[in-house]
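One structure below.
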Amino acid sequence: MDYFLQQLVNGLAVGSLYALIALGYTMVYGVLRLINFAHGEVFMVGAFAGAYTARALTGDKTEQTFWQACVGVMVAVMVCSILGWAIERFAYRPLRNSSRLSALITAIGVSLLIQNLANIEWQFAGYRWFGSTPTNYPAIIGAGEPVQVIHRLLGVNVVWKDVLLLATTGAVLVVLWFIVQRTRSGKAMRAVSQSYDSARLMGVNIDRIVSFTFILGSAMAAVGGCLFCIKNPSATPTMGVIFGLKAFVAAVIGGIGNIPGAAAGGLLLGLVETFVSSMGYSRYESAIAFVILVMVLLIKPEGIFGKAAPEKV
Amino acid sequence: MAHGAIFLGIVVVIALLSPWLDVRGSGAWLSASSHTLMYDIALNVILAMGLNLVLGMTGQFSIGHAGFLAAGAYAAVVVAGKPEWFVPQLAFWHGTLELSVTAGFVAIMLTGTALAIAVAAVLGLVVGLPTLRLRGDYLAIATLGFGEIVAVVIGNSDYLDATSGAGIYAWRAPWLNSEAGKASPLHDVVQKHLFDTPYLVSSFWILLGTAVTIYVVRNIKYSTSGRALLAVREDVIASEAVGVPTTRYKVTAFVIGAALAGMAGGMLSHHKQLNPQDFTFLRSVEILLIVILGGQGSITGCILAAIAVTLVPESLRSGLPRSWNLDATLIDKWRLVVYAVLIIAAMLFRPQGLMGRFEVADVWRWARRKWGAGRAEGKVAQEVVTAGISTLVAEKEDLRAGQAAQAGPLLVAENVTMNFGGLCAVDSFGLSLRAGELVGLIGPNGAGKTTVFNVLTGVYRPTRGDIRVCERSIVKLRPHAISKRGVARTFQNIRLFANLSVLDNVMIAQHAHHRQGILAAVLRTPGFFEEEAESRKRALGYMDIFGLADKGREQANSLSYGDQRRLEIARALATRPKLLLLDEPAAGMNPTEKRELMDLIQTIRSRFGLTILIIEHDMKVIMGICERIIVLDYGKTIATGTPEEIRRNPAVIEAYLGASAKQG
Chain A
23 MDYFLQQLVN GLAVGSLYAL IALGYTMVYG VLRLINFAHG EVFMVGAFAG AYTARALTGD
83 KTEQTFWQAC VGVMVAVMVC SILGWAIERF AYRPLRNSSR LSALITAIGV SLLIQNLANI
143 EWQFAGYRWF GSTPTNYPAI IGAGEPVQVI HRLLGVNVVW KDVLLLATTG AVLVVLWFIV
203 QRTRSGKAMR AVSQSYDSAR LMGVNIDRIV SFTFILGSAM AAVGGCLFCI KNPSATPTMG
263 VIFGLKAFVA AVIGGIGNIP GAAAGGLLLG LVETFVSSMG YSRYESAIAF VILVMVLLIK
323 PEGIFGKAAP EKV
Chain B
7 MAHGAIFLGI VVVIALLSPW LDVRGSGAWL SASSHTLMYD IALNVILAMG LNLVLGMTGQ
67 FSIGHAGFLA AGAYAAVVVA GKPEWFVPQL AFWHGTLELS VTAGFVAIML TGTALAIAVA
127 AVLGLVVGLP TLRLRGDYLA IATLGFGEIV AVVIGNSDYL DATSGAGIYA WRAPWLNSEA
187 GKASPLHDVV QKHLFDTPYL VSSFWILLGT AVTIYVVRNI KYSTSGRALL AVREDVIASE
247 AVGVPTTRYK VTAFVIGAAL AGMAGGMLSH HKQLNPQDFT FLRSVEILLI VILGGQGSIT
307 GCILAAIAVT LVPESLRSGL PRSWNLDATL IDKWRLVVYA VLIIAAMLFR PQGLMGRFEV
367 ADVWRWARRK WGAGRAEGKV AQEVVTAGIS TLVAEKEDLR AGQAAQAGPL LVAENVTMNF
427 GGLCAVDSFG LSLRAGELVG LIGPNGAGKT TVFNVLTGVY RPTRGDIRVC ERSIVKLRPH
487 AISKRGVART FQNIRLFANL SVLDNVMIAQ HAHHRQGILA AVLRTPGFFE EEAESRKRAL
547 GYMDIFGLAD KGREQANSLS YGDQRRLEIA RALATRPKLL LLDEPAAGMN PTEKRELMDL
607 IQTIRSRFGL TILIIEHDMK VIMGICERII VLDYGKTIAT GTPEEIRRNP AVIEAYLGAS
667 AKQG
């Protein structure tokens, strides 16, 4: 029973990270009908930004305080928002009227570019930046301790890390819900994803809303990157590839373009992965996501929450 | 014909030269590294050709191609690399059948490659069949996932000796040096062959494989199947409407692409030791880069790009000055950055790549036409046109006879209802068309007229109701099958194959009547040439009726608006329909053009024995040619009758002009 609860908490923790990144994919797909392959790389940059902020604040130590980590997250959010905005502005916007194929190919190109630029070790101002050797993300002091309350009540060993992960993700999702449902920009975003041309005709500034969507998604990816590093302390340039891919699969499972679907898909994927892995198939963990993907595409391609929409001729 | 002969000649010459190109003996012309480079180029060409078929010609975004390469390579290794399979095979070919050692090795390699092709093709079917009927993005996702699954399975599988890397030469040392190995009667044979003449086995076959691949893809491109693939790329809905079974073509192209990648994999396994790192997503991206840089749909472009993409990193690696002190891994990392930049730059500034859809031959022809003696080439010989028309005239008699024999109604629609979610677009629509009738369908905007057409042609499946053509229900059929049953249509917003020539547009429409399939196209049988010539004649005949005969080589989207509309009707006619559905054919025309159109419609009706259902807003056109008119409003039929009756019908007047007009 303990083991089960432990795995449940693990699954939810991983799943909530998937959800954070999946939301970025799904929102961009909703407004532009584009799969932003570079989103995983934004996640990666967020993790590195958090690590480098910690490096600057703690002077290259292996531990940091909770408040230092918060500063790290804020810096990461700023950096990634700019990055996300830049990607959209310079790589995707010129192709908005081209074929979908061109945009998809460009997205892959951007993803590769960022990944491989990060793979090179840069020397600047006396510090090393990026490179293929893993960069250490300092652990938050006290995060490894089990939560005493839960330990006493349920007898399960839940560490503060997991609580932090779940709480932060929950908070971000609440903020996102508020933005999407209760603000003008959020409403405009929903309008654009339902009907691009009608929204344009109603006076919605498409460029602004698209930038807004990218910034929102990138900010969430930045938070996700830092949270990921709390659980897995080393950041590598290729961490965004597989993780981003799986988060994307989660978005498809929930219904690409559908916001609650992405969150649900992420949690589901996290749980399934953790449970299958705990049953002894951890070597094939990466393949699980794609097997689920194939099954979803075969049975209900529009995803769990998606609606099959016939194309108007 | 001449091209094929020249091509085979080149293949034979290359094949005969290949022993000279081999290494590890004296008399070699190339160093070992150039040799390896040549093979790498050849394999990249094969892979790019396969992906070009899927991505360049059919427009399907597949980014897991390395997965098929891996599947083929490891399948071949299992057959030809593992001692427990290899030794018995060699014993059979050499020992039992007494083939020479070299021939025995060749046989082993061929069985390995054959299995590689089979495995890759089956995987292509498994991946392609469920996903190709979905939207384009889903194929990208699915192939990405497929590539990853294959990479993970290979990386983690003990059986495939992932960590040590499997390959035909990798296992030899342990086996040769073991007790079992030394005692085996094949020991000396294997020892001699593997160390003395290894490349003799593979070089000829790799080059042959490359040549065959280019030949096959080229033959597919210049055939009905190739045109159909290009049509699928241009416009899936229009392709279905002219009888092209789009999903079947997408899957076929995908499977062929996968099989070619499998073949490359099989050959790779004999050429190099396999390393799971070679089959990651980056490999797929490299192949994608080649297709993009070369030009999606261009064979020569892809070959040039494959040569460039393989050679440039190598020459940079060896060519950069030593004093820069760059180590190999750093160069590799920058290579990938350069790939990425090239992909982005290509998409932003030159998405058609080096050569677009064109080949060197096309460029040559264009140059000749522009500056040389071939100025008259654009005009098609009059004899061909006349021959085309006479074919059509001869068929007219059969059509008339067929029409007379048609007893019951041609088309019956009963209670057809179409709901989109909560919106009822068409409500209990009923229609009965006798052969030879000319009926009009009118109504205010949004009444559901085009939706009726879409339901009749299978683009939508009706929520309720039945539709029968010649007594057989068509409700469950895909649009291309309905087109085969004799229902053709034009579109409200012209849906031509914009980037294809006028002639191609009309020739594609005859697809359903072609009997020669992709195999005949590849083998270039005499039947194939006959059918092509026949098809061309007919197409010219149709084009001549609409005054487009001398515009054959022009691109469809460069025609004037009126010509484009006429081309669409010509294309619909080329499917040899019994029933023709015209959706606002007079839109955007001036009065003269409209009069000509009315005459044209009457002419083709009598000439081809057609039944016509026409949607129009221009009352002069409708009242002028229709025998019967049906009026829709908000999805419901509010009136039917002769033009006179409709003109005076109060419900119709109210629908168009409002209730107050009734009193006025």
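Going down the list, the protein sequences come from chains A and B.
Each residue of the first sequence is one higher than the one before, starting from 23 at the first, in the numbering used here.
Each residue of the second sequence is one higher than the one before, starting from 7 at the first, in the numbering used here.
Beta carbons are placed, not taken as given, at the ideal position from N, Cα and C, and that holds for glycine.
Cβ-based neighbour list, residue i, same chain, cut-off 8 Å, excluding 5 preceding and 5 following
i	result
leucine 138/B	Gln66, Leu145, Thr253, Lys256, Val257, Phe260
Supposed contact pair residue j and residue i - C-beta distance, whole angstroms, cut 8 Å
i	j	result
threonine 316/B	isoleucine 52/B	That belief does not hold up - the Cβ atoms of threonine 316/B and isoleucine 52/B are roughly 12 Å apart, past 8 Å.
glycine 52/A	glycine 279/A	4 Å
isoleucine 687/B	leucine 294/B	Absent from the structure is residue 687/B, since the part of chain B shown begins at 7 and ends at 670.
leucine 291/A	glycine 37/A	6 Å
glycine 553/B	arginine 571/B	With 8 Å as the limit, glycine 553/B and arginine 571/B do not qualify as a contact, their Cβ atoms being about 12 Å apart.
phenylalanine 65/A	phenylalanine 234/A	In fact, because the Cβ distance is near 19 Å, the residues do not count as touching under 8 Å.
valine 263/A	glutamine 90/A	That belief does not hold up - the Cβ atoms of valine 263/A and glutamine 90/A are roughly 28 Å apart, past 8 Å.
glycine 68/A	glycine 246/A	7 Å
isoleucine 349/B	isoleucine 130/A	7 Å
alanine 486/B	threonine 230/B	The question names alanine, yet the displayed sequence has histidine at residue 486/B. That pair is no contact at about 14 Å.
Alpha-carbon to alpha-carbon, residue j and residue i
i	j	result
serine 120/A	threonine 128/A	11 Å
proline 593/B	glutamate 622/B	As written in the sequence, residue 593/B is alanine, which differs from the proline given in the question. Taking the straight line joining both Cα atoms gives about 8 Å.
asparagine 50/B	glycine 78/B	15 Å
glycine 287/A	phenylalanine 270/A	9 Å
aspartate 671/B	arginine 521/B	Here chain B covers residues 7 to 670 and nothing more, so residue 671/B does not appear.
glycine 547/B	alanine 555/B	8 Å
arginine 371/B	serine 489/B	36 Å
aspartate 143/B	proline 656/B	50 Å
glycine 171/B	glycine 161/B	Note that glycine 171/B has pLDDT 43, beneath the 50 cutoff, so the model's placement of it is unreliable and the number below is only indicative. Glycine 171/B and glycine 161/B: Cα-Cα distance of roughly 10 Å.
valine 29/B	alanine 48/B	Model confidence at valine 29/B stands at a pLDDT of 45, short of 50, so the residue's coordinates are unreliable and nothing is read from them.
glycine 173/B	methionine 115/B	Unreliable positioning characterises glycine 173/B in this predicted model, as indicated by a pLDDT of 49, which lies under 50. A coordinate reading is not provided.
threonine 335/B	glycine 101/B	47 Å
glutamate 240/B	isoleucine 220/B	23 Å
alanine 34/B	leucine 39/A	For alanine 34/B, the predicted model reports a pLDDT of 48, less than 50, meaning its position is unreliable; a value from the coordinates is still stated below. So the alpha carbons of these two residues sit roughly 58 Å apart.
lysine 376/B	aspartate 433/B	57 Å
phenylalanine 152/B	glycine 73/B	7 Å
leucine 586/B	alanine 515/B	14 Å
arginine 341/B	arginine 470/B	59 Å
glycine 46/A	alanine 285/A	10 Å
serine 40/B	alanine 539/B	45 Å
Identity of the residue in the options nearest residue i by Cα
i	options	result
alanine 661/B	Trp99/B, Asp284/B, Val637/B, Val84/B	Val637/B
alanine 81/B	Leu43/B, Leu121/B, Leu105/B	Leu121/B
alanine 526/B	Val223/B, Leu447/B, Gly492/B, Val84/B	Val223/B
asparagine 227/A	Ala210/A, Met242/A, Gln216/A	Ala210/A
leucine 123/A	Glu650/B, Leu619/B, Gly118/B, Arg141/B	Arg141/B
alanine 272/A	Arg230/A, Leu319/A, Leu238/A	Leu319/A
leucine 61/B	Glu104/B, Val475/B, Gly232/B	Gly232/B
glycine 166/A	Pro255/A, Thr190/A, Ile136/A	Pro255/A
threonine 581/B	Phe92/B, Glu246/B, Met63/B	Glu246/B
phenylalanine 672/B	Arg289/B, Pro597/B, Arg484/B, Ile226/B	Lying outside 7 to 670, the shown extent of chain B, residue 672/B is not represented and no answer is given.
isoleucine 162/A	Ala35/A, Met301/A, Val95/A, Arg115/A	Val95/A
Residue-level contact to chain E via CB, residue i, 8 Å cutoff
i	result
arginine 222/A	The structure shown contains no chain E; its protein chains are A and B.
Proximal residues to residue i (C-beta, below 7 Å), its chain only, five neighbours per side dropped
i	result
alanine 352/B	Ile298, Leu299, Gly359
glutamate 365/B	Ser304, Ile305, Thr306
glycine 9/A	In the structure displayed, chain A extends from 23 to 335; residue 9/A sits before or after that span and is not available.
proline 323/A	none
Neighbourhood of residue i by C-beta distance below 6 Å, restricted to the same chain and skipping five residues each side
i	result
valine 180/A	Val31, Val169, Ile172
- Is the region 260-271 of chain B in contact with the region 128-146 of chain B, if contact means three or more CB pairs nearer than 8 Å? Yes, the region 260-271 of chain B touches the region 128-146 of chain B.
- Query: Are the region 258-276 of chain A and the region 141-158 of chain A touching by the rule of at least three beta carbon pairs closer than 8 Å?
  - Reply: In this structure the region 258-276 of chain A touches the region 141-158 of chain A; the number of beta carbon pairs closer than 8 Å is three or more.
- Message: I want to know whether the region 502-516 of chain B touches the region 270-287 of chain B - three or more CB-CB distances under 8 Å.
- Response: The region 502-516 of chain B, when compared against the region 270-287 of chain B, does not touch it at the 8 Å Cβ threshold.
- Message: Check whether the region 595-613 of chain B and the region 423-440 of chain B are in contact - that is, three or more C-beta pairs closer than 8 Å.
- Response: Flag = no, the region 595-613 of chain B and the region 423-440 of chain B do not touch.
- Message: For the region 293-309 of chain A against the region 68-79 of chain A, do three or more pairs of beta-carbon atoms, one drawn from each stretch, fall closer than 8 Å, so that the two count as touching?
- Response: Under the 8 Å Cβ criterion, the region 293-309 of chain A does not count as touching the region 68-79 of chain A, having fewer than three qualifying pairs.
- Touching by the beta-carbon criterion (3+ pairs, under 8 Å), the region 443-460 of chain B and the region 630-648 of chain B: Counting Cβ pairs under 8 Å, three or more are found: they touch.
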